[in-house]
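Participant: For what it's worth, the UniProt record's numbering labels the leading residue of the sequence shown as 1, then goes sequentially.
All C-beta atoms in this analysis are idealised placements derived from N, C-alpha and C, irrespective of residue type, glycine included.
As the structure is a prediction and not an experimental result, all values here were calculated from the model.
For reference, the structure I am asking about is given below.
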Amino acid sequence: MPPQPGSAGPAAETLADFLNAAADLLGEKNVSRDSQHSASHNYASQDSYGDDPAAVVRPKTVEDVQQLVRLANTFKVSLWAISRGKNLGYGGSGPVVKGAIVLDLQRMNNIIEVNEEYGYAIVEPGVSFFNLYEEIQRQGLNLWPSVPAIGWGSAMGNTLDRGFGYTPNGEHSQSQCGMEVVLPNGELLRTGSGAMRITRPFPCIREALAHAWTVSFSNPTSVTNLLTIPRRLHQTRHPHHAGPRSPYATVEVDVPLESDPVPLICTLSDLMRRSIILNSPSIANIFRIALTSQLPAVFAKIVPHMYSNSCVPARVLSDIQTEHKWGYWRAYFSLYGSVEMLPALKQTVARTFVPIPGAQIAYKLSLPGTPGAFISAARDIISEEIPHSGIPTIRAARHRRLARRRGKRQGRTRTRASRRAVIPPSGCELYASYLTARQRTTDAKFDFFADFHVYPRYVVGIALVIYNAEEDEERRMQSWYEDLISDAAKQGWVEYRTHVQYMDRVAAKLDFNDGAFGKVTRLLKDTLDPNGVLAPGKSGVWNSARVGYGGMGEVTVPV
Numbered sequence: 001m002p003p004q005p006g007s008a009g010p011a012a013e014t015l016a017d018f019l020n021a022a023a024d025l026l027g028e029k030n031v032s033r034d035s036q037h038s039a040s041h042n043y044a045s046q047d048s049y050g051d052d053p054a055a056v057v058r059p060k061t062v063e064d065v066q067q068l069v070r071l072a073n074t075f076k077v078s079l080w081a082i083s084r085g086k087n088l089g090y091g092g093s094g095p096v097v098k099g100a101i102v103l104d105l106q107r108m109n110n111i112i113e114v115n116e117e118y119g120y121a122i123v124e125p126g127v128s129f130f131n132l133y134e135e136i137q138r139q140g141l142n143l144w145p146s147v148p149a150i151g152w153g154s155a156m157g158n159t160l161d162r163g164f165g166y167t168p169n170g171e172h173s174q175s176q177c178g179m180e181v182v183l184p185n186g187e188l189l190r191t192g193s194g195a196m197r198i199t200r201p202f203p204c205i206r207e208a209l210a211h212a213w214t215v216s217f218s219n220p221t222s223v224t225n226l227l228t229i230p231r232r233l234h235q236t237r238h239p240h241h242a243g244p245r246s247p248y249a250t251v252e253v254d255v256p257l258e259s260d261p262v263p264l265i266c267t268l269s270d271l272m273r274r275s276i277i278l279n280s281p282s283i284a285n286i287f288r289i290a291l292t293s294q295l296p297a298v299f300a301k302i303v304p305h306m307y308s309n310s311c312v313p314a315r316v317l318s319d320i321q322t323e324h325k326w327g328y329w330r331a332y333f334s335l336y337g338s339v340e341m342l343p344a345l346k347q348t349v350a351r352t353f354v355p356i357p358g359a360q361i362a363y364k365l366s367l368p369g370t371p372g373a374f375i376s377a378a379r380d381i382i383s384e385e386i387p388h389s390g391i392p393t394i395r396a397a398r399h400r401r402l403a404r405r406r407g408k409r410q411g412r413t414r415t416r417a418s419r420r421a422v423i424p425p426s427g428c429e430l431y432a433s434y435l436t437a438r439q440r441t442t443d444a445k446f447d448f449f450a451d452f453h454v455y456p457r458y459v460v461g462i463a464l465v466i467y468n469a470e471e472d473e474e475r476r477m478q479s480w481y482e483d484l485i486s487d488a489a490k491q492g493w494v495e496y497r498t499h500v501q502y503m504d505r506v507a508a509k510l511d512f513n514d515g516a517f518g519k520v521t522r523l524l525k526d527t528l529d530p531n532g533v534l535a536p537g538k539s540g541v542w543n544s545a546r547v548g549y550g551g552m553g554e555v556t557v558p559v
């Protein structure tokens, strides 16, 4: 049986036999027998339970992956697949099960196709958002990709873990139109219309006969992550395409009061439902505005308070807000349309925010365009911290570097944790969630970094903290996180993704009908992956052989 959570992994002899066979297949340079020594990753960089792998293997081809999966079944070792290992805030490259073997797909970095006419890309797991953007520029294509806040991650990995971007249709999982995946027995499967040997619409449409279960391959707790290893991803619409580069304007809306999320959220979600705003607005609180301002005078006021057992006082943030005439909250979004449409969209937005007292609208960047011409990324567009332009960046990592410098002055490493609750698009509900999370954060002596993302029919309410990786702060962070998970569940709000350490806890909240969803998921896991070799514990799903360790309840497996 594969190792249980918290164990030291497979027996030394078994591990050595697997790695020797892997080295024969991949070459010794593509096998790390000590996970601490890797050319591109520190795979054991997290301190929390169950995330220290025993080793790392790096396949190059789908045939390599198939063989490694078959070897894992032979030797009964667990594999934890990663695309590029940049899942920061969720465990990075670390697996749930301590002693699992990381299957690093970063060498599988081919861009199979970018189709300008139909607007899709076919990519392998190791392709980053930077790679895809650069290929579009190299070919001179009039396509507009969607990218997340930090562009160094995998386009496929971001999609499968329900990541999002900042141009229209930035819900990447909703634009996935088919995959090639390796099953736990090493066989190759194509989803959707790709189930045909010769298929034309595979990259363009998700539907096919009896397709419904394969649609679940885009769900964050789906069989993709739990029961297969993705090999290729077909993306359409904006995520890895987005039509011609149209005129657009980047907008910031500041509102002055702490209670202003109530009208702000309602206004933004209504504008999205009416297709006035096409991308997902993000909302920052005054602490995040100050931290990301890059103004030395602002840093001088907040950094002295960013140390263990301390947070920036409300009076300091209030003084900064008054001095710079900022809002307590700021919404970031863009308007996209034709040359003729853009002025009308601006007028509509300006009129819509009039009822919110003190609301300020600023256009940070406006590209009106030329009739009949595309906007050129190389000539017309500049990189932005929030990439509404579709140009990947790593600027959003600067606040982490600032906090890390503060931690280093004390000889400690800084890290972060975030709660991601999905809430109805009601300003009142989000504000109630915020008040609870803010109080929990203040009581734990952390700074509250708000990162709310608005969609037409839901809001992702991200509460993020940055803390020192030391025993006391780690303990307070864990208590803070568990309290927020419980608070959200009591209100009927679900977490859509979480750190590997909390997957069981979050999965345990899926309790309808005595946890029926988890029981069915485990039945699928037992059927397709009887040895439990792929991603044990991912999203709280375990094989029946591990009953008592999983978060989704007991299940009786039919004989």
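Would you list the one or two residues that DSSP bridges to His453?
Facilitator: Counted from its first residue, the sequence shown places residue 453 at position 453. DSSP, once it has assigned bridges, lists Ser282, Val460 as partnering His453.
Participant: Under 8 angstroms: do the region 534 to 541 and the region 499 to 511 share three or more Cβ pairs, one atom per stretch?
Facilitator: Yes, the region 534 to 541 touches the region 499 to 511.
Participant: Going straight from the alpha carbon of His241 to that of Glu473, what length do you get?
Facilitator: Within the sequence shown, residue 241 is the residue found at index 241, counting from 1. Within the sequence shown, residue 473 is the residue found at index 473, counting from 1. Reliability of the predicted coordinates at His241 is poor, the pLDDT of 40 falling under 50, and no value is obtained from them.
Participant: Output needed for Glu429: all residues of its chain with C-beta closer than 7 angstroms, excluding positions within five of it in sequence on either side, in chain order.
Facilitator: Taking the sequence shown and counting its residues from 1, one reaches residue 429 at position 429. Here the set comprises Ile423.
Participant: Gln46 by DSSP, collapsed to three states: which one?
Facilitator: As a first step, residue 46 must be located in the sequence shown, where it is residue number 46. With a pLDDT of only 40 at Gln46, under 50, the local geometry of the prediction cannot be trusted, and the value read off the model is given with reservation. Correct three-state label for Gln46: coil.
Participant: Which same chain residues, not among the five before or five after Tyr455, have their C-beta less than 8 angstroms away from its C-beta?
Facilitator: By one-based count along the sequence shown, residue 455 stands at place 455. Counting only Cβ-Cβ distances below 8 angstroms, and skipping sequence neighbours, we find Glu171, Ser269, Met272, Ser280, Pro425.
Participant: Which class does Val262 belong to by DSSP, given the choice of helix, strand or coil?
Facilitator: Counted from its first residue, the sequence shown places residue 262 at position 262. Reduced to three states, the DSSP call for Val262 is helix.
Participant: Measuring CB to CB, does Ala417 end up less than 8 angstroms from Gly461?
Facilitator: On the sequence shown, residue 417 is found 417 positions in, with the first residue counted as 1. On the sequence shown, residue 461 is found 461 positions in, with the first residue counted as 1. No.
Participant: Pro387 to Ala149, Cα distance in whole Å?
Facilitator: Locating residue 387 in the sequence shown gives position 387, where the first residue counts as 1. Locating residue 149 in the sequence shown gives position 149, where the first residue counts as 1. Answer to the nearest angstrom: the Cα atoms are 7 angstroms apart.
Participant: Does the beta-carbon distance from Ser146 to Gly337 come in below 8 angstroms?
Facilitator: As a working mapping, residue 146 is identified with position 146 in the sequence shown. As a working mapping, residue 337 is identified with position 337 in the sequence shown. No, Cβ-Cβ distance for Ser146 and Gly337 is not below 8 angstroms.
Participant: Among the candidates Val251, Glu252, Arg84, Ala444, whose CA atom is the shortest distance from the CA of Gly157?
Facilitator: Locating residue 157 in the sequence shown gives position 157, where the first residue counts as 1. Considering only alpha carbons, the answer is Arg84.
Participant: At what residues does the alpha helix (DSSP H) containing Ala516 begin and finish?
Facilitator: Residue mapping note: residue 516 aligns to position 516 of the sequence shown, counting from 1. Start and end: 512 to 528.
Participant: Short of 7 angstroms in beta carbon distance, which residues of its chain neighbour Ala21, apart from the five on each side in sequence? Order them along the chain.
Facilitator: Mapped onto the sequence shown, residue 21 falls at position 21. Cβ neighbours of Ala21 beyond the five flanking positions: Leu71.
Participant: Enumerated in chain order, which unbroken segments of the beta strand (DSSP E) with a length of 3 residues or greater are wholly contained in the region 76 to 146?
Facilitator: Whole beta strand (DSSP E) segments, 3+ residues: 79 to 82, 101 to 104, 111 to 115, 120 to 123.
Participant: Tell me, to the nearest whole angstrom, how far the beta carbon of Asp52 is from that of Ile82; I am working on the premise that it is less than 8 angstroms.
Facilitator: Numbered from 1 along the sequence shown, position 52 holds the residue referred to as residue 52. Numbered from 1 along the sequence shown, position 82 holds the residue referred to as residue 82. With 8 angstroms as the limit, Asp52 and Ile82 do not qualify as a contact, their Cβ atoms being about 14 angstroms apart.
Participant: Can you tell me whether residue 576 is buried or exposed? The criterion is at least 16 other CB atoms within 10 Å of its CB, across all chains shown.
Facilitator: There is simply no residue 576 to check, as the chain begins at 1 and stops at 559 in what is shown.
Participant: Sorted by chain position, which residues of the same chain lie with C-beta nearer than 8 angstroms to Arg457's C-beta, five sequence neighbours on each side aside?
Facilitator: As a first step, residue 457 is located in the sequence shown; it is residue number 457 there, counting from the start. So the qualifying residues of the chain are Ser269, Arg273, Pro424, Pro425.
Participant: To the nearest angstrom, how far is the alpha carbon of Val223 from that of Gly518?
Facilitator: For the purposes of this step, residue 223 is identified with residue 223 of the sequence shown, where counting begins at 1. For the purposes of this step, residue 518 is identified with residue 518 of the sequence shown, where counting begins at 1. Reliability of the predicted coordinates at Val223 is poor, the pLDDT of 45 falling under 50, and the value obtained from them is presented with this limitation in mind. Distance between the alpha carbons of Val223 and Gly518 is about 12 angstroms.
Participant: Quick one: what's got a C-beta closer than 6 angstroms to Arg315's C-beta in the same chain, skipping five residues either side?
Facilitator: Walking along the sequence shown from the start, residue 315 turns up at place 315. Same-chain partners within the cutoff: there are none.
Participant: Report yes if the C-beta distance between Val31 and Val57 is below 8 angstroms; otherwise report no.
Facilitator: The residue given as residue 31 occupies position 31 in the sequence shown. The residue given as residue 57 occupies position 57 in the sequence shown. It is a contact, given that the beta carbons lie within the stated cut-off.
Participant: Got a sec? Which residues, its chain only, sit under 8 angstroms from Tyr73 by beta carbon, not counting five neighbours each side?
Facilitator: Start at 1 with the first residue of the sequence shown, and residue 73 comes out as number 73. For the record, residue 73 in the displayed sequence is Asn; it is not Tyr. Pro184, Asn185, Gly186, Asn531, Val533, listed in sequence order.
Participant: Comparing C-alpha positions only, which one of Tyr328, Phe164, Phe299, Phe202 sits nearest to His453?
Facilitator: The residue labelled residue 453 in the question sits at position 453 within the sequence shown. That would be Phe164, whose Cα lies nearest to the Cα of His453.
Participant: Straight-line CA distance for Pro239 to Pro95?
Facilitator: For the purposes of this step, residue 239 is taken as residue 239 along the sequence shown, with counting starting at 1. For the purposes of this step, residue 95 is taken as residue 95 along the sequence shown, with counting starting at 1. With a pLDDT of 32 at Pro239, under the threshold of 50, the modelled position of that residue is not reliable, and no figure is offered here.
Participant: Which class does Gly178 belong to by DSSP, given the choice of helix, strand or coil?
Facilitator: To locate residue 178, count along the sequence shown from 1; it is residue 178. Here Gly178 sits in strand by DSSP.
Participant: What's the call for Lys364, buried or exposed, on a 16-neighbour Cβ count within 10 Å?
Facilitator: Locating residue 364 in the sequence shown gives position 364, counting from the first residue. Exposed, since its Cβ has fewer than 16 Cβ neighbours within 10 Å.
Participant: In the DSSP assignment, find the unbroken beta strand (DSSP E) run with Glu429 in it and report its ends.
Facilitator: Counted from its first residue, the sequence shown places residue 429 at position 429. Per DSSP, Glu429 belongs to no beta strand (DSSP E); it is in the alpha helix (DSSP H), 427 to 443.
Participant: Give me, in chain order, the residues of the same chain whose beta-carbon lies closer than 6 angstroms to that of Lys86; leave out the 5 immediate sequence neighbours on both sides.
Facilitator: As a working mapping, residue 86 is identified with position 86 in the sequence shown. Same-chain partners within the cutoff: Trp152, Gly153.
Participant: Give the C-beta separation of Arg419 and Ala463 to the nearest angstrom, bearing in mind that I take them to be a contact with Cβ-Cβ under 8 angstroms.
Facilitator: Locating residue 419 in the sequence shown gives position 419, counting from the first residue. Locating residue 463 in the sequence shown gives position 463, counting from the first residue. Going by Cβ atoms, the distance from Arg419 to Ala463 rounds to 5 angstroms, so yes, they are a contact pair.
Participant: Look up Val298 in the DSSP assignment and say whether it is helix, strand or coil.
Facilitator: Along the sequence shown, one-based indexing puts residue 298 at 298. In the structure shown, Val298 sits in a helix (DSSP, three-state: H, G or I).
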